[in-house]
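Inspection log for the structure reproduced underneath, given as structure tokens.
In the UniProt record's numbering, the protein residues as written are 1 to 100.
Structural data, given as structure tokens:
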């Protein structure tokens, strides 16, 4: 039987959720800044590089705690991403004009 170490899994879940929230907030900010520029590609590249480096760095640090913490991190990231996308999509659907 596999025994879960909750003292590793829960911090991983919380860190993954926080990382996803910050990643998506950075994505939104980067897109807003890029759309204000005549040449948006460099801003989008910089935004992506910073966000990816931050998530990888945090993931590397969490991986140092153990495999269960890393699994929690991945699960927390995916759960938060799914939740944020569901909220954003439902807000878009409410604000979108009907096709009829």
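A virtual CB, placed ideally from N, CA and C, is assigned to each residue, including glycine.
By the neighbour-count criterion, in which 16 or more other beta carbons inside 10 Å mark a residue as buried, residue 47 falls on the buried side.
Spatial neighbours of residue 63 in its own chain (CB-CB distance under 6 Å, excluding positions within 5 residues in sequence) are listed in chain order as 70. With fewer than 16 neighbouring CB atoms inside 10 Å of its own CB, residue 57 falls in the exposed class. The three-state secondary structure of residue 38, taken from DSSP, is coil. Scanning 29, 6, 74 for the CA closest to the CA of residue 44 turns up 29.
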